[in-house]
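Numbering (my numbering), first residue to last: 23 to 341.
Every residue, glycine too, gets a C-beta built ideally from N, C-alpha and C.
Structure, rendered in structure tokens:
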């Protein structure tokens, strides 16, 4: 069993060295670290090119989006498993070892994930989890568990096999917002999923150029995909109920974020989508978001996080 690390890069010069250093510092070293520069206009790619470790591979391409960058990285990978890491996040030293243990324990699975912490200044948030901390096992109902804790699979904690990646066609292109979730859902529909509720990664909310707060003026691709599979009725009764719950969860919190960012067009698009699916209660909740004060919106979005604490000595990974 071998690991290729895939890092898409777009204008993350202040963070990319830390991300790569965290991959190099793994207790179970990766075979290669593939950084795909997606047409950056800063000096991030140059910083990667100056690194001397032979395991680091830099691929440059014109700006095509994060899905195309990840797909290009996987296409160049030589390992049996690909582990994803965002350029502004970081792994703790045991991340790949934890994934290795998951794969050994549950070889039938083709999608594996761990847990992350969210760092925002000196505050650390632990995202709401679908399982109790310390859980290691198979995911029994992916859509249901994602509805409980959207952190179940994340683009910095996930790993899949090359075979499964190719079977579902990689990350979808031309999808605005939620393209990674569409990919995880496609994998979960085809293959078993294994998860360890053990913190092995850091999600950096202080990072530059974060997509949080961007105005999309449209419903995210993850909701459109959920709408399509619910309408197709290709799921069993349990999965269908769970998929609808996941739709409600994503729709509400995404709409809250859009309202906070003054993206009224995006909020209206989500509300229309909910109406098309006859989710009247959700339509009402989203309508209330449109007139809710921003302070209350911030509190509502914080309900996505189970605990928070101010850390006197936050976890740090140096370049």
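- Of all alpha-carbon atoms in 187, 255 and 33, the one lying nearest the alpha-carbon of residue 208 is that of 187.
- Pairing residue 37 with residue 176 gives a Cβ-Cβ distance that is not under 8 Å.
- Of all C-beta pairs linking the region 73-87 to the region 146-162, fewer than three are shorter than 8 Å, placing the two stretches out of contact.
- The shortest C-alpha to C-alpha distance from residue 40 to any of 111, 275 and 55 is the one to 111.
- Unbroken beta strand (DSSP E) stretches of 3 residues or longer found wholly inside the region 146-192: 158-160 and 181-183, given in chain order.
- Here the alpha carbons of residue 131 and residue 198 stand approximately 28 Å from one another.
- Around the C-beta of residue 247, 16 or more other C-beta atoms lie within 10 Å, and the residue is accordingly described as buried.
- Assigned with DSSP and collapsed to three states, residue 204 falls in helix.
- Here residue 178 has 106, 107, 108, 111, 138, 223 and 225 as same chain residues with Cβ atoms under 7 Å from its own Cβ, once five neighbours each way along the sequence are excluded.
- Every beta strand (DSSP E) stretch that sits fully inside the region 36-69 and reaches 3 residues is listed by chain position as 54-60.
- Boundaries of the beta strand (DSSP E) around residue 222: 215-226.
- Annotation for residue 83: the continuous beta strand (DSSP E) segment containing it runs 78-83.
- For residue 117, there is no enclosing beta strand (DSSP E); the enclosing alpha helix (DSSP H) covers residues 117-127.
- For residue 254, the uninterrupted alpha helix (DSSP H) segment begins and ends at 243-254.
- With respect to the 8 Å criterion, residue 241 and residue 291 are classified as neighbours on the basis of their beta carbons.
- Nearest to residue 32 by C-alpha distance, out of 73, 293, 91 and 221, is 91.
- The region 141-154 makes no contact with the region 250-265; the number of CB pairs closer than 8 Å stays below 3.
- Distances from the alpha-carbon of residue 303 to those of 262, 55, 51 and 266 put 266 closest.
- If you ignore the 5 residues before and after residue 102, its C-beta comes within less than 7 Å of the C-beta of 23, 24, 183 and 184, all in its own chain and listed in chain order.
- In the structure shown, residue 32 adopts coil according to DSSP, grouped into three states.
- Residue 273 and residue 296 have their C-alpha atoms spaced approximately 8 Å apart.
- Across the structure, residue 216 and residue 196 are spaced so that their CA atoms are roughly 28 Å apart.
- Excluding sequence positions up to five before and after residue 136, its CB lies within less than 6 Å of the CB of 120, 179, 218, 220 and 222, all in the same chain and listed in chain order.
- Here the alpha carbon of residue 49 sits roughly 11 Å from the alpha carbon of residue 122.
- Following the DSSP letters along the chain, one finds residue 137 inside the beta strand (DSSP E) bounded by residues 133-142.
- Your pair residue 261 and residue 172 does not check out as a contact, with CB atoms roughly 17 Å apart and the cut at 8 Å.
- For residue 255, the CB contacts under 8 Å within the same chain, skipping 5 residues up- and downstream, are 262 in chain order.
- Residue 305: member of the alpha helix (DSSP H) spanning 302-311, first to last residue.
- The Cβ atoms of residue 88 and residue 60 lie closer than 8 Å to each other.
- Residue burial annotation: residue 281 is buried, with at least 16 other C-beta atoms found within 10 angstroms of its C-beta.
- Contact annotation: residue 264 and residue 157 have beta-carbon atoms that are not nearer than 8 Å.
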